[in-house]
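Since the structure comes first, as structure tokens, the remarks are kept for the end.
2 protein chains.
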Amino acid sequence: MSENERNPEKCKATMEGVRDALYAISGKWRMMVMVAMLGGANRFNEIERAIDGITPKVLSKELKDMELNGFLQRVEIAGNPTQVIYELTPYSKSLSEIVNLLGAWGSRHRKHVMEMSKELNAAKA
Amino acid sequence: MSENERNPEKCKATMEGVRDALYAISGKWRMMVMVAMLGGANRFNEIERAIDGITPKVLSKELKDMELNGFLQRVEIAGNPTQVIYELTPYSKSLSEIVNLLGAWGSRHRKHVMEMSKELNAAKA
DNA sequence: TGATCTGCTATCCTCCAGGATACCGCTATC
DNA sequence: GATAGCGGTATCCTGGAGGATAGCAGATCA
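Here the protein sequences come in this chain order: A and B.
This note's numbering numbers the first residue of the first sequence as 163 and each following residue consecutively.
This note's numbering numbers the first residue of the second sequence as 163 and each following residue consecutively.
Following this line, the structure appears as structure tokens:
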């Protein structure tokens with residue numbers, strides 16, 4: 163099955179890793195911001211529009227947290243008016259791989275769940 | 163950067179996938195149950211002991227949800243007393259790949275964050 | 001001259017995942 | 001007969017993520 167089968171230490175290490183990962187990526191919106199930015203959005207209102215249902219308060223918090231985590235940088239471009247853009251850092255690339263995997267898996271899983279409930283209904287009838 | 167850069171439709175599809183994935187795997191405990199089971203635990207109290215801090219109520223709920231999602235099966239083994247074991251399904255394998263990736267990324271990320279805060283403190287001094 | 005863009009911040013509120021604690025019937029061992 | 005295992009369930013409660021709504025200062029459009 164897995165390389166950490168019956169290996170308590172590796173198992174615990176994996177748990178800690180997963181806990182840290184969930185802490186960093188979990189929550190309803192953080193990954194959505196990543197996806198929006200991977201899709202080319204890099205200004206506040208642009209990102210806000212790209213993510214259906216997000217409020218500015220929440221987006222603001224996510225952007226700050228993600229900056230602290232090293233996923234993006236807030237860049238002010240002097241001028242009149244001063245513009246603000248958010249740029250993904252090179253480090254965020256490691257996360258974007260996870261995001262794409264997660265997205266692909268999620269789509270497949272959704273289909274799987276739908277198949278299952280279909281079968282369940284067929285069995286009922 | 164990414165294959166979905168400047169591709170609104172792919173971007174939206176990825177968002178939906180990620181949303182579905184988060185819905186399925188998010189929460190503090192579900193992945194932990196996966197890891198514990200990958201580590202060989204397959205009975206209720208065994209899993210409970212493998213996961214530091216989980217309460218039986220929460221574990222019970224997680225196991226039910228995961229069964230509904232097709233990740234595991236509850237199997238009663240007749241006898242005296244009747245035993246109950248939880249088995250990962252073949253389908254759960256797709257998830258276990260994600261779990262391992264997530265765990266590995268989480269560990270790396272933790273180190274990264276620690277490096278960053280070190281640098282920050284060094285800069286202060 | 002007012003409306004509408006930008007990039008946000010401030011308040012107040014709701015809801016529910018998860019925590020704490022207790023307990024159930026059953027078996028087995030001491 | 002008491003204590004400890006098993007596999008859970010029942011209640012009550014709290015924190016904090018996130019939702020709703022409003023507003024602000026500056027620029028620009030019409």
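The beta carbon of each residue, even a glycine, is placed where N, CA and C say it ideally should be.
The structure displayed is predicted, hence computed values, not measured ones.
According to DSSP, what are the bridge partners of residue i?
i: tyrosine 248 of chain A; result: A:Arg236
Is there a C-beta anywhere in chain A that falls below 8 Å from the one on residue i?
i: methionine 278 of chain B; result: yes
i: arginine 126 of chain B; result: Since the first residue shown for chain B is 163 and the last is 287, residue 126 of chain B is missing from the structure and cannot be characterised.
i: leucine 282 of chain B; result: no
i: valine 197 of chain B; result: yes
i: proline 252 of chain B; result: no
i: glycine 215 of chain B; result: no
i: asparagine 242 of chain B; result: no
i: arginine 211 of chain B; result: no
i: arginine 236 of chain B; result: no
Counting only C-beta atoms, is residue i closer than 8 Å to chain B at any point?
i: serine 222 of chain A; result: no
i: valine 246 of chain A; result: no
i: alanine 285 of chain A; result: no
i: isoleucine 239 of chain A; result: no
i: methionine 177 of chain A; result: yes
i: leucine 225 of chain A; result: no
i: leucine 264 of chain A; result: yes
i: isoleucine 260 of chain A; result: yes
i: methionine 194 of chain A; result: yes
i: phenylalanine 184 of chain A; result: The question names phenylalanine, but residue 184 of chain A in the sequence shown is leucine. By this cut-off, leucine 184 of chain A is an interface position.
i: arginine 181 of chain A; result: yes
i: proline 218 of chain A; result: no
Any heavy atom of the ligand MG closer than 7 Å to the beta-carbon of residue i?
i: isoleucine 260 of chain A; result: Judged by which ligands are present, the structure shown has none, so any question about the ligand MG falls away.
Report yes if the C-beta distance between residue i and residue j is below 8 Å; otherwise report no.
i: isoleucine 247 of chain A; j: asparagine 204 of chain A; result: yes
i: valine 261 of chain B; j: glutamate 249 of chain B; result: no
i: leucine 257 of chain B; j: methionine 196 of chain B; result: yes
i: tyrosine 185 of chain A; j: histidine 274 of chain B; result: no
i: proline 170 of chain B; j: glycine 215 of chain A; result: no
i: alanine 183 of chain B; j: glycine 265 of chain A; result: yes
i: methionine 194 of chain B; j: valine 220 of chain A; result: no
i: leucine 263 of chain B; j: leucine 230 of chain A; result: no
i: serine 188 of chain A; j: serine 188 of chain B; result: yes
i: glutamine 235 of chain B; j: threonine 217 of chain B; result: no
Applying the criterion that 16 or more other CB atoms from any shown protein chain within 10 Å of the CB defines a buried residue, is residue i buried or exposed?
i: arginine 192 of chain A; result: buried
i: arginine 211 of chain A; result: exposed
i: asparagine 242 of chain A; result: exposed
i: alanine 198 of chain A; result: buried
i: phenylalanine 233 of chain A; result: buried
i: methionine 177 of chain A; result: buried
i: methionine 163 of chain A; result: Because the pLDDT of methionine 163 of chain A is 45, which lies under 50, any placement of that residue in the model is unreliable, and the number read from its coordinates should be weighed accordingly. By the 10 Å Cβ count, methionine 163 of chain A comes out exposed.
i: glutamate 259 of chain B; result: exposed
i: methionine 276 of chain A; result: exposed
For the region 171-220 of chain A, list the alpha helix (DSSP H) runs that are entirely contained and at least 4 residues long, ordered along the chain.
Within the region 171-220 of chain A, the complete alpha helix (DSSP H) runs of at least 4 residues are 192-200 and 206-212.
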